[in-house]
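Reading through the structure tokens given below for one structure.
There are 2 protein chains.
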Amino acid sequence: MASAAAQMDVRPVMRIVPRGGLCDQCEVRGTAACAVLDDHDLSRLEAIATHKEYEAGQTVFDEGDDPRHMFNVTSGMIRLFKLLPNGRRQIVGFVFPGDMLGLATHGTYTCSAEAIGSVTVCRFPREKLIVLLDEFPHLQGRLLDMAADELKQAQDQMLLLGRKSPMEKVASFLLRLRGEHDQCNENGDRLDLAMGRGDIADYLGLTIETVSRTFTKLRNENVIALEGAHHVIITDEDALEDLADAMGD
Amino acid sequence: MASAAAQMDVRPVMRIVPRGGLCDQCEVRGTAACAVLDDHDLSRLEAIATHKEYEAGQTVFDEGDDPRHMFNVTSGMIRLFKLLPNGRRQIVGFVFPGDMLGLATHGTYTCSAEAIGSVTVCRFPREKLIVLLDEFPHLQGRLLDMAADELKQAQDQMLLLGRKSPMEKVASFLLRLRGEHDQCNENGDRLDLAMGRGDIADYLGLTIETVSRTFTKLRNENVIALEGAHHVIITDEDALEDLADAMGD
DNA sequence: CGCTCATTTGACGCATGTCAACGCGCGTGG
DNA sequence: CCACGCGCGTTGACATGCGTCAAATGAGCG
Chain A
1 MASAAAQMDV
11 RPVMRIVPRG
21 GLCDQCEVRG
31 TAACAVLDDH
41 DLSRLEAIAT
51 HKEYEAGQTV
61 FDEGDDPRHM
71 FNVTSGMIRL
81 FKLLPNGRRQ
91 IVGFVFPGDM
101 LGLATHGTYT
111 CSAEAIGSVT
121 VCRFPREKLI
131 VLLDEFPHLQ
141 GRLLDMAADE
151 LKQAQDQMLL
161 LGRKSPMEKV
171 ASFLLRLRGE
181 HDQCNENGDR
191 LDLAMGRGDI
201 ADYLGLTIET
211 VSRTFTKLRN
221 ENVIALEGAH
231 HVIITDEDAL
241 EDLADAMGD
Chain B
250 MASAAAQMDV
260 RPVMRIVPRG
270 GLCDQCEVRG
280 TAACAVLDDH
290 DLSRLEAIAT
300 HKEYEAGQTV
310 FDEGDDPRHM
320 FNVTSGMIRL
330 FKLLPNGRRQ
340 IVGFVFPGDM
350 LGLATHGTYT
360 CSAEAIGSVT
370 VCRFPREKLI
380 VLLDEFPHLQ
390 GRLLDMAADE
400 LKQAQDQMLL
410 LGRKSPMEKV
420 ASFLLRLRGE
430 HDQCNENGDR
440 LDLAMGRGDI
450 ADYLGLTIET
460 VSRTFTKLRN
470 ENVIALEGAH
480 HVIITDEDAL
490 EDLADAMGD
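In order, the protein sequence lines correspond to chains A and B.
Throughout the first sequence, residue numbering follows the working numbering, covering 1 to 249 in sequence.
Throughout the second sequence, residue numbering follows the working numbering, covering 250 to 498 in sequence.
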């Protein structure tokens, strides 16, 4: 069944060389960084890849660690965060299935990474990958583009953290999730939040209580509906977009 | 082979080919991205560079613009910022002399850039630069490293914006400036702030008034001394570092 | 020397953090 | 299958830190 997908216009899934590889069956084959590779390159990449699983809450790496690996998340989600001495935490990003992790790392890991739920990754030893990079110049360009995208997201997040109200933060967060959701899950306007309220709070620079109150307010104003704490249905998208960066006030 | 400058371990300033070039006299020759280039590469780079000046407050480019150029700031400082519809502003970074600007740009510029004071830049047409990039693979690697550094800074800033108190923000800001200051100016522990209180406020996610009050507080506690609003002398560095991320509450 | 704009200082109120109690869902074990 | 307990989420009461508004002071520049 992996074969019949060739009619998609955007990114034709090419046949892989017949070596019983895993990449061709990979669920994120079409979206991950590997998507720019042709079969031959991919087989080279696959040769150095190993797979690993993490369970909920498990540490993938810590800030300051020597970056031995680069990761491609094949299922589940990861939170990236930094800690202050007294325990305060700032989540600097969530990693979705298909996203690369640790590619733009110069020196040591700049933040810690934990599995939110169960996570499976495809792992590349950094040294070997760097050797391959010299062989695939277009892959290096792709990495630069991906770093640029991360930087853009980081800038958006700085705007959010520094200048948005709690309501604007939560609304922006939901809309951004809906954007990702195309590429990773579900249908309709139903979002499933893998992360808990604490993660959301630490991502948006708020407290758990404020996040919870804001969700409640959105529900009471019929902008969203909640099916349990981890499922959100956007019922009034226009209103949500207005709330995400309110003109007036 | 180009020169006998090999005795310096870090970054030998090599003689440039005799073409009356400008790069060899460039004040940021030793620190800018160009520092990894040897004479031959540099002369190629120089061939596509043009110079430009901006006066205080002038726009270098706007968010959303097509990224025609990459910049190397040779003197003065630039603020990078994003705006919200109602006029709120978040400064996402300051560009120091020697820093590159617009290198990790994928698509359009992700933020706007304005000269803080008088600024001179070295400007490279993007298209031509991309062609050169294919010829200098080590330059591309360098760009990726620089993007990684920017990303690290962005993550630090997210931590600051989301989880630090005004006092911690201002203290962190001063310490970070002191870090940069090695590479750009002055001596002793005297910092000169090119930017005004409004810029600092919009960088730290505060109001002008809170920034001003925090400076005053630092002065009253003899942690810093102020010589006019734009000159800060760090008189108690240890205290400042303690304030930058206070352990206990 | 005086104007103008940036910065500082003050007074005040509100939004959001803090502390605390409650409820709910889920997994576990009886 | 039900009872229990634990962790997460919600809701409430309260306090305060920071933003808002306003006025005074000071610095830079013509």
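Glycine residues also receive a C-beta, built at the ideal position from the N, C-alpha and C atoms.
Identify whether residue i lies in helix, strand or coil by the three-state DSSP scheme.
| i | result |
| --- | --- |
| residue 91 of chain A | strand |
| residue 184 of chain A | Low confidence applies here, because residue 184 of chain A scores a pLDDT of 45, under 50, leaving its location unreliable and the question unanswered by this model. |
| residue 73 of chain A | strand |
| residue 137 of chain A | helix |
| residue 292 of chain B | helix |
| residue 316 of chain B | coil |
| residue 48 of chain A | coil |
| residue 78 of chain A | strand |
| residue 148 of chain A | helix |
| residue 256 of chain A | Because chain A is modelled from 1 through 249, residue 256 of chain A falls outside the range shown and cannot be assessed. |
| residue 372 of chain B | strand |
| residue 83 of chain A | strand |
| residue 284 of chain B | helix |
| residue 277 of chain B | coil |
| residue 364 of chain B | strand |
| residue 350 of chain B | strand |
Can you name the residues of chain B whose CB is closer than 7 Å to the CB of residue i?
| i | result |
| --- | --- |
| residue 245 of chain A | 333, 334 |
| residue 70 of chain A | Correct list: empty, because the minimum Cβ distance to chain B is about 12 Å. |
| residue 152 of chain A | 359 |
| residue 162 of chain A | 339, 410, 454 |
Using CA coordinates, which residue listed in the options is at the minimum distance from residue i?
| i | options | result |
| --- | --- | --- |
| residue 82 of chain A | A/76, A/63, A/75 | A/63 |
| residue 154 of chain A | A/238, A/80, A/245, A/68 | A/80 |
| residue 379 of chain B | B/351, B/405, B/359 | B/351 |
| residue 93 of chain A | A/223, A/111, A/218 | A/111 |
| residue 247 of chain A | B/326, B/287, B/335 | B/335 |
| residue 122 of chain A | A/244, A/45, A/39 | A/45 |
| residue 216 of chain A | A/27, A/202, A/71, A/233 | A/233 |
| residue 441 of chain B | B/308, B/455, B/474 | B/474 |
| residue 235 of chain A | A/90, A/219, A/198, A/152 | A/219 |
| residue 120 of chain A | A/106, A/137, A/98 | A/98 |
| residue 61 of chain A | A/30, A/105, A/74, A/213 | A/105 |
| residue 109 of chain A | A/71, A/244, A/88 | A/71 |
| residue 157 of chain A | B/314, B/278, B/340 | B/340 |
| residue 510 of chain B | B/323, B/349, B/362, B/316 | Missing from the structure shown is residue 510 of chain B; chain B here goes from 250 to 498 and no further. |
| residue 323 of chain B | B/277, B/364, B/288 | B/277 |
| residue 221 of chain A | A/177, A/238, A/135, A/229 | A/238 |
| residue 243 of chain A | A/198, A/175, A/197 | A/175 |
| residue 427 of chain B | B/459, B/308, B/490, B/316 | B/490 |
| residue 132 of chain A | A/47, A/59, A/190, A/26 | A/47 |
| residue 198 of chain A | A/180, A/230, A/223 | A/230 |
Against residue i, what residues of chain A qualify as contacts under a CB-to-CB distance less than 8 Å, listed in chain order?
| i | result |
| --- | --- |
| residue 377 of chain B | Ordered by position in chain A, no residue passes the 8 Å Cβ test against residue 377 of chain B, which lies about 16 Å from the chain. |
| residue 398 of chain B | 106 |
| residue 349 of chain B | The premise fails here: residue 349 of chain B is roughly 13 Å from chain A at the closest Cβ pair, so nothing lies under 8 Å. |
| residue 293 of chain B | Ordered by position in chain A, no residue passes the 8 Å Cβ test against residue 293 of chain B, which lies about 18 Å from the chain. |
| residue 371 of chain B | None at all; the shortest Cβ gap to chain A is about 21 Å. |
| residue 386 of chain B | 134, 137, 140 |
| residue 408 of chain B | 82, 84, 90, 92 |
| residue 394 of chain B | 106 |
Under the assumption that residue i contacts residue j (Cβ atoms under 8 Å), give the Cβ distance between them as a whole number of angstroms.
| i | j | result |
| --- | --- | --- |
| residue 305 of chain B | residue 367 of chain B | 6 Å |
| residue 300 of chain B | residue 374 of chain B | The Cβ separation is near 13 Å, so there is no contact. |
| residue 172 of chain A | residue 160 of chain A | 6 Å |
| residue 455 of chain B | residue 418 of chain B | 7 Å |
| residue 415 of chain B | residue 463 of chain B | 5 Å |
| residue 144 of chain A | residue 393 of chain B | 5 Å |
| residue 396 of chain B | residue 201 of chain A | Actually they are not in contact, since the Cβ atoms of residue 396 of chain B and residue 201 of chain A sit about 29 Å apart, beyond 8 Å. |
For residue i, which residues in chain A fall below 9 Å Cβ to Cβ?
| i | result |
| --- | --- |
| residue 283 of chain B | Simply none; closest approach about 18 Å. |
| residue 404 of chain B | 80, 82, 90, 92, 93, 110, 111, 154 |
What are the start and end residues of each continuous alpha helix (DSSP H) run of 4 or more residues lying completely inside the stretch 168-247 of chain A, in chain order? 197-204, 208-220, 237-244
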